[in-house]
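Worksheet for the structure shown next.
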Ligand SMILES: Cc1cc2nc3c(=O)[nH]c(=O)nc-3n(C[C@H](O)[C@H](O)[C@H](O)COP(=O)(O)OP(=O)(O)OC[C@H]3O[C@@H](n4cnc5c(N)ncnc54)[C@H](O)[C@@H]3O)c2cc1C
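Residue numbers (this note's numbering): 2 to 334.
Below is the structure:
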């Protein structure tokens, strides 16, 4: 375990806004958590756990205590002719795990290439892209419970995965330490997503071809956080009833929406923001991406508060025009 004081968080989250952690603790192995738990009572109520910092906006100048999972490894747990179970430390970068699996010719996570997540947070957020989500490969999730002072193991049944959600989001006392995923050794391409279907048509792409294509599509659509600070999609796609959708489509016939369940629909937040005229808007160093209206960006020295002010203006404007309330997808601290 490493403990440091007064640590800049600018490079520890993808918006790259300046902020300090009064105390920053790195967990290098699972036993560090027992030591930490013995020395600080109710630590999970005072601390913020951080992974790759790709789903947060920090609006404060400093945070009292930040804990980072630095448990890094990838190993095979079990395998037979058809399947393999792979375990990765919570601090391992998700895309390093994807790269490792693709290089070994194991199928399941290739569509999730390029997501800037830690492995610890992949199940918490149930990360997803291009027709696949973490839940599809989840096997076991390991964490330390700061309330019961015990290590716990969760199976997919325990976690009720749904769209960008898992039960872990309601369990702030759990610090995720490692994950296991179940992969296929036989080809199982998922080309259901339009861009992948168009690209490969009737061909049988290799794992590496799928990974490269996903990375290429992402590169063209999403600004890379090491070049322009951002946290991916800033807002959730609002969900509405059939009646609400009918009212909207009467007023705005070209509105973009998707079916969510039998009687619920998702409105494209990107469409609403673009139609409200915000795409490419810039105010100082805070802005809306020129390539994707759902992504708010930090061009350099925007503070978290600058980004939040811009987000609030967008929320007000979309509410005034469409009478639809946008909600942030990123966690605001
Ligand atoms: C450019 C870009 C593209 C993106 N594309 C996608 C995409 O295609 N699909 C998608 O699903 N998401 C996407 N995201 C969102 C983001 O990558 C995911 O939500 C990711 O899972 C966040 O992981 P993280 O490690 O950065 O979490 P962080 O932002 O560090 O933390 C997220 C939450 O997890 C908690 N947490 C952190 N570590 C632990 C731990 N060890 N134990 C318990 N809780 C912990 C934090 O307290 C916080 O509440 C994108 C983000 C960016 C910046």
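Even glycine gets a Cβ: it sits at the ideal position worked out from N, Cα and C.
{"query": "Residue 138 lies in the alpha helix (DSSP H); which residues open and close that run?", "result": "No alpha helix (DSSP H) contains residue 138, which DSSP labels as neither H nor E."}
{"query": "Considering only C-alpha positions, which residue in the set 213, 186, 185 and 189 is nearest to residue 196?", "result": "213"}
{"query": "Can you list the alpha helix (DSSP H) stretches of 4 or more residues lying completely in the segment 211-279, in chain order?", "result": "243-252 and 270-276"}
{"query": "Quick check on the burial criterion: 16 or more other C-beta atoms within 10 angstroms. Buried or exposed for residue 295?", "result": "buried"}
{"query": "Alpha carbon to alpha carbon, how far is residue 142 from residue 54?", "result": "20 Å"}
{"query": "Helix, strand or coil: which one does DSSP assign to residue 123?", "result": "helix"}
{"query": "Please name the residue in 222, 235, 51 and 216 whose C-alpha comes closest to that of residue 287.", "result": "235"}
{"query": "By the three-class DSSP mapping on this structure, what secondary structure does residue 58 have?", "result": "strand"}
{"query": "What do you get for residue 327, buried or exposed, if any count of 16 or more other CB atoms within 10 angstroms of its CB means buried?", "result": "buried"}
{"query": "Consider the C-beta atom of residue 18 and the heavy atoms of ligand 1; say whether any pair is separated by less than 8 Å.", "result": "no"}
{"query": "With a threshold of 8 Å (Cβ to nearest heavy atom), would residue 294 be considered close to ligand 1?", "result": "no"}
{"query": "For residue 177, count the other beta carbons within 10 Å of its own beta carbon; 16 or more makes it buried, fewer makes it exposed. Which is it?", "result": "buried"}
{"query": "Just how far apart, CA to CA, sit residue 333 and residue 81?", "result": "44 Å"}
{"query": "The beta strand (DSSP E) with residue 50 in it runs from where to where?", "result": "49-51"}
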